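Each residue of the sequence shown is one higher than the one before, counting from 659 in my numbering. For every residue, glycine included, the Cβ atom is placed at its ideal position computed from N, Cα and C. Computed from a prediction, not measured in an experiment: that's the story for all the values here. Here's the structure we're looking at; comments come further down.
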Amino acid sequence: MVVAEFAVNRAGVIAINQSNAALISARTAAQAAINAVATAVKTTINNLSPLSDRQTRLNQVDTNIANAQTALAGTSSTADVTAAQGSAISALNADAANAQQKSSQEDAISRLQNYATNAENAIAALPGLSADNLTTAKTAIESAITNGDTNIQGATEHADMANALTAAEQVIDTAMTTAQNQSQQTLAQAQSNAAAAIDAALAAAEQKLNNLSLSTTDQAAQQKQLEADAGNAKVSIAAATSLAGVTQAQQAGTQAINQDILLAEIDSLQTEAKKRLQAYANQAKQTISQLPDLPGTSYTNAYSGIDNLVSIWSGNISNTRNLADMQKALYSGGSAINLVSLSAQANSQTIVDQERSTAQAAIDAAATTARTTITSLNPLSDKADRLNQINTDVQNAYNALDSATNQTGFTAAQTAGTTAITNDTAAAQLKSEQEKDDNALTAYGQNAKDAIAAMPGLSQAQLSKRKAILTRLCQQVRTTSMQQRASPMRITP
659 MVVAEFAVNR
669 AGVIAINQSN
679 AALISARTAA
689 QAAINAVATA
699 VKTTINNLSP
709 LSDRQTRLNQ
719 VDTNIANAQT
729 ALAGTSSTAD
739 VTAAQGSAIS
749 ALNADAANAQ
759 QKSSQEDAIS
769 RLQNYATNAE
779 NAIAALPGLS
789 ADNLTTAKTA
799 IESAITNGDT
809 NIQGATEHAD
819 MANALTAAEQ
829 VIDTAMTTAQ
839 NQSQQTLAQA
849 QSNAAAAIDA
859 ALAAAEQKLN
869 NLSLSTTDQA
879 AQQKQLEADA
889 GNAKVSIAAA
899 TSLAGVTQAQ
909 QAGTQAINQD
919 ILLAEIDSLQ
929 TEAKKRLQAY
939 ANQAKQTISQ
949 LPDLPGTSYT
959 NAYSGIDNLV
969 SIWSGNISNT
979 RNLADMQKAL
989 YSGGSAINLV
999 SLSAQANSQT
1009 IVDQERSTAQ
1019 AAIDAAATTA
1029 RTTITSLNPL
1039 SDKADRLNQI
1049 NTDVQNAYNA
1059 LDSATNQTGF
1069 TAAQTAGTTA
1079 ITNDTAAAQL
1089 KSEQEKDDNA
1099 LTAYGQNAKD
1109 AIAAMPGLSQ
1119 AQLSKRKAIL
1129 TRLCQQVRTT
1139 SMQQRASPMR
1149 ITP
């Protein structure tokens, strides 16, 4: 009985060992199969482009591998191993499929964005689109991108993605076509306007031509040239493919017309410029003729210099062939004449300044002498007033100098000023002498009165009478003295 039980137990152990070996073998095979699929899935993911979340998806593959390993470790039969293997491989295949789906979506979105960018660049390059036109096109394209992105991301099949991309591109194409039509209309209108501008330029030139003094032959030739200019410009305008090209053709045509009519106007303009130069020269001569105190040769030399400049610059004006050069020659000639006039004015001003300075110096010298003389007078009761009068005389003389404009005026102001100073100095001297005499007479009279008062035997009436006589005599002497001193002292200019 014991032998039989041992045999049974041994058989069971053998069966268990055999089962464990089969399970381990199954697990190993399953892990190898899972790893092989995982490697293939990673290769697929790594080869996908674009794929913005590549690393996240690779990490998910690693997570699924780890989950498979955990599941395999928990199996207790080969059937469980097979189930775990199948589940893991399904998850890995799903990782690959999801990554491919994501890559396809991103590729479609990228292609849509590039398509839209190319369309926007093409529209931006179209001529003549208004800001509203550009805004409308941009809005339509941006809407197509938004809707296309949404539809692409919502698609689960490649066909659906392709359809969503195509639909968005068609919306963009419509916006492009609309912008092109608007551009063509604008270009056509610009060409029409430019042709009208050429016609207007031609009409204006023809009107100028009719007002010029030209021979019949010259006028006909010029008319033919103007018409040729206009015809060539219209051909260029019609051939232009951009607004800039239209503008350039219009400007070139207008310039040709204007240049040709300018050549016809040039002779009359030269004559007018010479007249203006001569008028400016005459004005300069008139200005110089009124300048004060220049030597006689200065006037004649200035006139000769101006005449010479008129001759030179009139010749230069005749040699010009365009309005800009003519105006430059006229300006240069006028500037040269102006320099002669300014030089004469500067010389005159220098002479006038020197004349004024000389006159002022003479007045200042006379005033200094007068102040010294008056200051030294003693007695002189109103000395301050006399000095103030000298200052007034000087200021009056300065005012007269300021009003003078030539040698004659300066000389007159100097003479009047020094005469006033001299007269006021003499008056101060007379006043001082009078005060000396008055003081002496007063002292003499007082001595006489004292002597009379000391005489014995005179009554009060006799004393008063004699003092009154003495006072009257002193006053008569004082008056006679003042008259005698004043008569030779006054100086007239």
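Minimum C-alpha distance to residue i - residue among the options
i: Asn705; options: Ser801, Leu981, Gln1087 and Ser761; result: Ser761
i: Leu988; options: Leu967, Asn1005, Ala1002 and Ser1001; result: Leu967
i: Arg685; options: Ala742, Met984, Ala795 and Thr836; result: Ala742
i: Ala891; options: Gln880, Thr875 and Asn851; result: Asn851
i: Gln1072; options: Gln1087, Gln1018, Ile1048 and Gln811; result: Gln1018
i: Thr1016; options: Thr728, Thr1076 and Gly812; result: Thr1076
i: Asp1108; options: Leu845, Ser1122, Asp925 and Ala822; result: Ser1122
i: Ala1078; options: Gln913, Ala1058 and Leu935; result: Ala1058
i: Gln913; options: Asn940, Ala798, Leu860 and Asp765; result: Leu860
i: Gln941; options: Pro950, Gly992 and Thr955; result: Gly992
i: Ile723; options: Gln713, Asn693 and Thr740; result: Asn693
i: Asp1040; options: Lys1094, Ile856, Asp918 and Lys1089; result: Lys1089
i: Gln928; options: Thr905, Ile975 and Val904; result: Ile975
i: Ala731; options: Asn977, Gln689 and Val904; result: Gln689
i: Thr1063; options: Ala687, Thr1008 and Leu870; result: Thr1008
i: Ala855; options: Gly911, Ala1042 and Ile682; result: Gly911
i: Lys739; options: Ile1127, Phe1068 and Ser683; result: For the record, residue 739 in the displayed sequence is Val; it is not Lys. Closest option to Val739, Cα to Cα, is Ser683.
i: Ala1086; options: Ala1119, Leu1116 and Arg1044; result: Arg1044
i: Gly1067; options: Leu681, Asp1011, Pro708 and Asp887; result: Asp1011
i: Met984; options: Thr797, Glu930 and Arg715; result: Glu930
i: Asn756; options: Ser962, Ser710, Ala994 and Thr836; result: Ser710
i: Thr899; options: Gln909, Ala846 and Ala858; result: Ala846
i: Tyr957; options: Pro1114, Ala777 and Ser1006; result: Ser1006
i: Asp1091; options: Pro1037, Asn1105 and Leu949; result: First, the residue type needs correcting, since residue 1091 is Glu and not Asp in the sequence shown. Per the Cα distances, Pro1037.
For residue j and residue i, believed in contact at Cβ under 8 Å, the rounded distance
i: Leu784; j: Gln838; result: 6 Å
i: Ala907; j: Ile915; result: Actually they are not in contact, since the Cβ atoms of Ala907 and Ile915 sit about 13 Å apart, beyond 8 Å.
i: Leu901; j: Ala848; result: 5 Å
i: Gln877; j: Leu867; result: 6 Å
i: Ile964; j: Ala939; result: 5 Å
i: Ala1002; j: Ala960; result: 5 Å
i: Thr1031; j: Thr1083; result: 5 Å
i: Leu787; j: Thr721; result: That belief does not hold up - the Cβ atoms of Leu787 and Thr721 are roughly 54 Å apart, past 8 Å.
i: Ala766; j: Met819; result: 5 Å
i: Ala774; j: Ile799; result: 5 Å
i: Glu827; j: Leu770; result: 7 Å
i: Leu870; j: Ser947; result: So it is not a contact: roughly 39 Å between Cβ atoms.
Residue i - DSSP class collapsed to helix/strand/coil
i: Thr929; result: helix
i: Thr1063; result: coil
i: Gly786; result: coil
i: Gly889; result: helix
i: Arg979; result: coil
i: Met1113; result: coil
i: Glu815; result: coil
i: Asp720; result: helix
i: Leu997; result: helix
i: Ser707; result: coil
i: Ala965; result: It should be pointed out that residue 965 corresponds to Asp in this sequence rather than to Ala. Here Asp965 sits in helix by DSSP.
i: Leu1038; result: coil
i: Ala898; result: coil
i: Asn974; result: helix
i: Gln880; result: helix
i: Asp951; result: coil
i: Thr797; result: helix
i: Asn869; result: coil
i: Ser748; result: helix
i: Ser734; result: coil
Residues of its chain near residue i, where Cβ-Cβ distance is below 8 Å and the 5 sequence neighbours each way are ignored
i: Val719; result: Ala696, Val699, Lys700, Ile703, Leu750 and Asp753
i: Ala691; result: Gln743 and Ile747
i: Arg979; result: Leu921 and Ile924
i: Ala782; result: Leu792
i: Pro708; result: Ser761, Glu764, Asp765 and Ser768
i: Pro1146; result: Per-residue confidence for Pro1146 stands at a pLDDT of 46, beneath the threshold of 50, marking its modelled position as unreliable; the derived number appears in the next sentence. Here the set comprises nothing.
Residues of its chain near residue i, where Cβ-Cβ distance is below 6 Å and the 5 sequence neighbours each way are ignored
i: Val829; result: Ala802
i: Ala729; result: Ala742
i: Thr793; result: none
i: Gln1065; result: Asp951 and Glu1013
i: Ala863; result: Leu884, Ile915 and Ile919
i: Gln759; result: none
Any non-hydrogen atom of the ligand FMN within 6 Å of residue i CB
i: Ser972; result: Although the ligand FMN was asked about, the structure shown includes no ligands whatsoever.
Contacting residues, own chain, Cβ-Cβ under 7 Å from residue i (five flanking each side not counted)
i: Ile1021; result: Val1052, Ala1055, Gln1072, Gly1075 and Thr1076
i: Ser972; result: Lys932 and Leu935
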